[in-house]
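One structure is given below, encoded as structure tokens.
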Amino acid sequence: MTPQPPEGLSASSLIPAKGAELKFWIVKTNELAEKKVLNVSGNVDTLRANLATYYGLDLTINPRTEAITAPTVNEDIRDRQWADLAATGVEWRDKVRAGIQFKLLTQDKHSAFPILSAAQDLLPTKNNGAPTRSVHFNSELKILPTAAPVKLQSGSGHSSMSAINPPAPTQPSVTIPSTINPSSAAGPVSQLEAAALDDLSTAIAGLERCEGLQAIIQQIESGAVKAIRDRYGPSKPGHRGTADASWSKYSNLVSKRERLHRILIQDFEGDKERFFGFFSVPPPAAKKRKHCRSGAMVRSRSQDP
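Just so we're aligned, residue 1 is where the sequence shown starts under the UniProt record's numbering, counting upward by one.
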């Protein structure tokens, strides 16, 4: 009677199996048989043939290949969105480095998105001359009816205003502006880019203002130096081409800070008291000797008759 192969072993899985996998199945077979029925020595073809013969597997059958299905519509859309987002980020970075204004919308037509005024313009205001149960809205917005009466309650819940249900006008006299002036939209974007480009100079100014060995160590331990390297330095050690364009001007300053911290950790084993004491400058010995000599002269003169 042909023994039943263990789970996972079949003709389709045995054909592409390599040496380590074949030896695993042989060891498994000997364990199931509770005796040594197959030998693990031999080349790959011999091991495969021994397993096939023992379990009665037909190796002439082509292994079943799983059909490669095309990605679904949602997966395809998601992949293309991520690819487009990455390409846009690279384009933005390159243009900012070159001093060119980056425009997300390349067409000259105005955007179809409406302009919203300040937040207070969205709130209804009471009009004393208006009919009862009506509200006067800002003239830049459409007057829209509510589907049902709306109750406005105070935060305490003990008082409430009467229901407000403005009547629907036959024709709105004012519509929402449907265009955006490109010049007005470019201002905030340029300010954001300028702020981003000033980050490096601000951080470097903080490093340059740092005076004294103790202040430098505190700055390193706060993570400020590492943050500058991570943000503007090379993405891979030794690959200067992957660094920010301004990194070459300030890399020496950052490296000196890091070198001091390595000396503290490696040579002084993190002992700050010994580290600061070693690099502190003692008072000049010459002045001390001169002071001693002058004191000796004073004493000798006082002892003269």
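We treat Cβ as the ideally placed atom computed from N, Cα and C, and that holds for glycine.
Predicted model, so just to flag it, every value in this text is computed and none were measured.
key: First and last residue of the uninterrupted alpha helix (DSSP H) at Lys95   = Note, Lys95: alpha helix (DSSP H), Val73 to Arg97.
**Item:** Coarse secondary structure for Glu258, derived from DSSP in three states
**Value:** Here Glu258 carries a helix assignment [DSSP, helix/strand/coil].
- prompt: Just the Cα atoms here: how many angstroms apart are Val96 and His261?
  reply: Val96 and His261: Cα-Cα distance of roughly 34 Å.
> Taking the Cβ atom as the reference point for each residue, do Val44 and Ile26 lie within a distance shorter than 7 Å?
Replying inline: no
query: Which residues in the same chain have their Cβ closer than 8 Å to the Cβ of Ala33, if we skip the five residues on either side of it in sequence?
result: Pro3
Margin query: Assuming Ser13 is part of the alpha helix (DSSP H), what are its boundary residues?
Written below: Ala11 to Leu14
Requested in this report: Note down the Cα distance separating Ile217 from Arg257, rounded to an integer number of angstroms.
Outcome: 8 Å
- Query: How would you write the range of the alpha helix (DSSP H) that Glu34 sits in, first residue to last?
  - Reply: Premise fails: Glu34 is in no alpha helix (DSSP H) and is neither H nor E.
Original post:
Apart from the five residues on each side of it in sequence, which residues of its chain come closer than 8 Å, Cβ to Cβ, to Arg48?
Top reply: So the list reads Leu14, Ile15, Ala17, Leu22 and Leu59, once near-sequence residues are dropped.
*Give the DSSP-derived three-state secondary structure of Ile100 in the structure shown.*
In this structure, Ile100 counts as coil in the three-state DSSP scheme.
**Three-state class that DSSP yields for Ser248 in the structure shown** = DSSP places Ser248 in helix when its eight states are reduced to three.
Inter-residue Cα distance where the pair is Arg274 and Ser280
10 Å
Between Ser251 and Gly233, what straight-line distance do the alpha-carbon atoms span, to the nearest angstrom? 8 Å
Q.
Going by DSSP, what residue range makes up the alpha helix (DSSP H) through residue 311?
A. In the structure as shown, the chain starts at 1 and stops at 305, and residue 311 therefore has no counterpart that could be examined.
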